[in-house]
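Numbering (the working numbering), first residue to last: -10 to 220.
Report on one structure; see the data block that follows.
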Amino acid sequence: MLSTLNKKLLRIAIAPVIVFLCVITGYSYKFDFVTVNDIVKQIKKTFSDVESYQANFVMVSDKMGKRQSQSGTIWYMSPHYLRIDFDVPYGQKIVSDGKQVWIYIPSINVVAEQDLNSSMFAIGTGSGLNRLFSKYHYKFDGKEQPRVESNNKYYVLFLKQKETRSGFRTMKLWVNEQYFITKAAGETANGKNITIEIKNINTKVDLKKGFFKFDPPSNARIIKNPMLAEE
């Protein structure tokens, strides 16, 4: 039971968190760069300028024809605070203060409390962003860059894991003219395809630390560090 639950928690946590880590890196820059390394360097540089943001997301997963959709709102506050409230499935939450992440799944009345001090879930930090690009080979996805999709111009990056591990085996990132990553598509090691689109990004939102505090329901089952065995 615990092993199955661990895998479910991982699927919930990994997919949005890695992409949301990337989303916070945009500001108003036009397409002035010509190499993929230039873009990655700019992403890392502009990350430090983002103090907070709020955005809506839609995530669709597909494995062997079985599709599942999730949606909700994400908030980030520098340097390492993250909160994700799901509309679908309703009530589900992922909250992090940079030291711990809490994953609440109301459908099974479980809260996972995961330490982040040495984990790949060191989300929303400069070190986490550097870790993302250090763990993946990256290049342009095709020769035409930027390219036009849905009447907008994007740089599209292709990322591939350097070593086989949990999380995404490969990823594609769509970077718009403001240098926001507004879409990502990834394939996990077990063959699941996940696409996440980010909309309504607001970098002027006023957030407080208390907003990123999570108090588990008194009757919920608490599981400590369920993901250690999966790393």
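Where a beta carbon is used, it is the ideal one built from N, C-alpha and C, also for glycine.
DSSP three-state assignment for residue i, whether helix, strand or coil
{"i": "residue 60", "result": "strand"}
{"i": "residue 105", "result": "coil"}
{"i": "residue 155", "result": "coil"}
{"i": "residue 121", "result": "helix"}
{"i": "residue 110", "result": "Because residue 110 sits at a pLDDT of 45, beneath the cut-off of 50, its placement in the model cannot be relied upon, and the following sentence gives the value as read from the coordinates. In the structure shown, residue 110 sits in coil (DSSP, three-state: anything other than H, G, I, E or B)."}
{"i": "residue 97", "result": "coil"}
{"i": "residue 141", "result": "strand"}
{"i": "residue 26", "result": "helix"}
{"i": "residue 129", "result": "strand"}
{"i": "residue 75", "result": "strand"}
One or two residues paired with residue i in a DSSP bridge
{"i": "residue 50", "result": "57 and 183"}
{"i": "residue 161", "result": "147 and 174"}
{"i": "residue 44", "result": "63"}
{"i": "residue 191", "result": "43"}
9 angstroms Cβ cutoff met for residue i and residue j
{"i": "residue 60", "j": "residue 50", "result": "no"}
{"i": "residue 102", "j": "residue 89", "result": "yes"}
{"i": "residue 203", "j": "residue 64", "result": "no"}
{"i": "residue 171", "j": "residue 165", "result": "yes"}
{"i": "residue 91", "j": "residue 77", "result": "no"}
{"i": "residue 43", "j": "residue 194", "result": "yes"}
Check: residue i C-beta below 8 angstroms from any heavy atom of the ligand FMN
{"i": "residue 104", "result": "The ligand FMN is not part of the structure shown, which contains no ligands of any sort."}
For residue j and residue i, believed in contact at Cβ under 8 angstroms, the rounded distance
{"i": "residue 183", "j": "residue 169", "result": "Their Cβ separation, rounded to whole angstroms, is 19 angstroms, which puts residue 183 and residue 169 out of contact at 8 angstroms."}
{"i": "residue 146", "j": "residue 161", "result": "7 angstroms"}
{"i": "residue 173", "j": "residue 98", "result": "Actually they do not touch by this definition, with Cβ atoms about 30 angstroms apart."}
{"i": "residue 48", "j": "residue 185", "result": "5 angstroms"}
{"i": "residue 149", "j": "residue 124", "result": "Contact flag wrong, Cβ pair sits at about 10 angstroms."}
{"i": "residue 41", "j": "residue 66", "result": "5 angstroms"}
Status (buried if at least 16 other CB within 10 Å, exposed otherwise) for residue i
{"i": "residue 56", "result": "exposed"}
{"i": "residue 126", "result": "exposed"}
{"i": "residue 215", "result": "buried"}
{"i": "residue 29", "result": "buried"}
{"i": "residue 72", "result": "buried"}
{"i": "residue 180", "result": "exposed"}
{"i": "residue 79", "result": "exposed"}
Any C-beta of chain B under 9 angstroms from that of residue i
{"i": "residue 75", "result": "Annotation note: the requested chain B is absent from the structure, which comprises a single protein chain."}
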